[in-house]
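Novice: Here it is, the structure in full.
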Amino acid sequence: MRKVIIPYAHRSDDLATIYLAIGDGKQPITAWLPAGRDTIGGKRVIWAKFDMVPRGVVTVWVRDGSGERPRTQITL
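According to our numbering, the sequence shown is numbered sequentially starting from 52.
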């Protein structure tokens, strides 16, 4: 299991569910998981724990009230 954490400027008063998925840049290849919210080092982040995560450079996808989109690339 791998915990994936990305920066995300969520509002503490907005309790709508945010989802994360891991993808190849063109589309998500994992299931969408509800994201936890946290503040690390004074910066807001979201995170999810994925069972099966590909190794190498992956794209983290976000689904929220603004729709689905690739958010950032990270190396796992």
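Think of the CB as a built atom: it goes at the ideal place given N, C-alpha and C, for glycine as much as any other residue.
Does R53 come out as helix, strand or coil in the three-state DSSP assignment?
Specialist: DSSP places R53 in strand when its eight states are reduced to three.
Novice: List the DSSP bridge partners of T123.
Specialist: Answer by DSSP bridge pairing, in chain order: V111.
Novice: Closer than 8 Å is the cut-off here; do at least three beta carbon pairs connect the segment 53–73 with the segment 105–124?
Specialist: At 8 Å Cβ cutoff, the stretches touch.
Novice: Measure from the alpha carbon of L127 to the alpha carbon of each residue in E119, G116, G118 and P105, then state which is nearest.
Specialist: Nearest of E119, G116, G118 and P105 to L127, Cα basis: P105.
Novice: Whole angstroms is fine: what's the gap from M103's alpha carbon to G74's?
Specialist: One C-alpha to the other measures close to 12 Å.
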